[in-house]
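Enquirer:
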Amino acid sequence: AVKRDIRDTLDVAFRLQPQTARVIILVGTSPLEKSWTADLRESLRPYEAQLNITYLSDLPMEDILGRLKSLPSHTVILFSPIFFNDGAGRYFAPEEALHLICGSSNSPVYGTEATYLGSGIVGGHLYNMAKVGEAAGKTGRRILSGEVPANIPVQTLDPNYNVFDARQLKRWGISNARVPVGSIVEFNQPSFW
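Sequential numbering of the sequence shown, starting at 3, is according to my numbering.
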């Protein structure tokens, strides 16, 4: 079992950009993506009193990109794996979608997956699949060594951590002083000295 909560990334975005008034969340059009979105809407309901949350869905990618080019100030985009299919029925791998979204947006994009770092997101409270895979491998080894699966207790992992892209922090004018203590900042460019 793993702990995952998109609200953690939203909280980090607020810490880095406390004037945030609007959040745009891209939503895919498949029935499964719509189901995930219903769950997400419910979990973000407490934020609706302080934020304007827009779930951008049912549009072709070209229209989405057009809207992202002219967002009002104090807006952030939250990209999570609930967007794979656009309103025209085209499938986009997350890296492909992020490349288009981050290249078009006039607002910072935050993510939820460690694999997105380096694709144009500022960062977030990112889910690290490698930690989950390592734990699954250890459990598999125990089973292959003859241990009865029913005797292995289920553990709940928290494979999430705050990680940011230094290049994106600089691009959006976000001070390193706002980055939570204990966070990882990657892609720092060393100075000449």
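Just so you know, even glycine gets a beta-carbon here, dropped at the ideal spot from N, CA and C.
Grouping DSSP H, G and I as helix and E and B as strand, with all else coil, what is Glu64?
Expert: Helix, per DSSP.
Enquirer: Classify Ile145: buried if its beta carbon has 16 or more other beta carbons within 10 angstroms, exposed otherwise.
Expert: Exposed.
Enquirer: Which term fits Val1, buried or exposed, when burial requires 16 or more other beta carbons within 10 angstroms of its beta carbon?
Expert: For the chain, the structure presents residues 3 to 195; residue 1 sits outside this window and is missing.
Enquirer: So Gly113 and Phe81 are in contact, right, with Cβ under 8 Å, and what is the actual spacing, rounded?
Expert: 5 Å between Cβ atoms; contact.
Enquirer: Given a cut-off of 8 Å on the beta-carbon distance, is the pair Arg9 and Thr77 in contact?
Expert: Taking 8 Å as the Cβ cut-off, Arg9 and Thr77 do not qualify as a contacting pair.
Enquirer: Take Gly125 as the anchor and find which of Lys71, Glu136, Lys172 and Ile66 has the nearest alpha-carbon.
Expert: That would be Lys172, whose Cα lies nearest to the Cα of Gly125.
Enquirer: Among Lys140, Pro161 and Leu159, whose alpha-carbon lies nearest the alpha-carbon of Pro151?
Expert: The option with the nearest alpha carbon to Pro151 is Lys140.
Enquirer: Leaving aside the five residues before and after Lys5 along the sequence, list all residues of the same chain whose C-beta is less than 6 Å from its C-beta, in chain order.
Expert: Around Lys5: Asp160.
Enquirer: Reducing DSSP to helix, strand and coil, say where Val134 ends up.
Expert: It is helical.
Enquirer: If you measure between the beta carbons of Glu149 and Ala168, is that distance less than 8 Å?
Expert: No.
Enquirer: Grouping DSSP H, G and I as helix and E and B as strand, with all else coil, what is Gly125?
Expert: Residue state, collapsed to three classes: strand.
Enquirer: Looking at the strands, I want to know which residues DSSP matches up with Thr84.
Expert: The amino acid occupying residue 84 in the given sequence is Ile; Thr does not appear at that position. According to DSSP, which records beta bridges pairwise, Ile84 is partnered with nothing at all.
Enquirer: Ignore the nearest five residues each way along the sequence and tell me which others in Thr158's own chain have a CB closer than 6 Å to its CB.
Expert: Hits under 6 Å: Ala3.
Enquirer: I'd like to check one pair, Leu70 with Ile79: are the Cβ atoms closer than 8 Å?
Expert: A contact, by the Cβ cut-off of 8 Å.
Enquirer: How far does the beta strand (DSSP E) with Leu28 in it reach, from first residue to last?
Expert: Counting along the chain, the beta strand (DSSP E) containing Leu28 begins and ends at Arg24 to Leu28.
Enquirer: Hey, how far is the Cα of Leu34 from the Cα of Asp65?
Expert: Cα to Cα, the separation comes out at about 22 Å.
Enquirer: Taking the beta strand (DSSP E) that Thr114 belongs to, which residues open and close that run?
Expert: That residue, Thr114, is in no beta strand (DSSP E); it is neither H nor E in DSSP.
Enquirer: Going by DSSP, what residue range makes up the alpha helix (DSSP H) through Asp13?
Expert: It spans Ile8 to Leu18 - the alpha helix (DSSP H) in which Asp13 sits, taken as one unbroken run.
Enquirer: Per DSSP, which one or two residues make a beta bridge with Phe166?
Expert: In DSSP, Phe166 forms a bridge with Gly125 and Val187.
Enquirer: Are the beta-carbon atoms of Met63 and Arg92 separated by less than 8 Å?
Expert: Yes; because the gap between Cβ atoms is below 8 Å, this pair is in contact.
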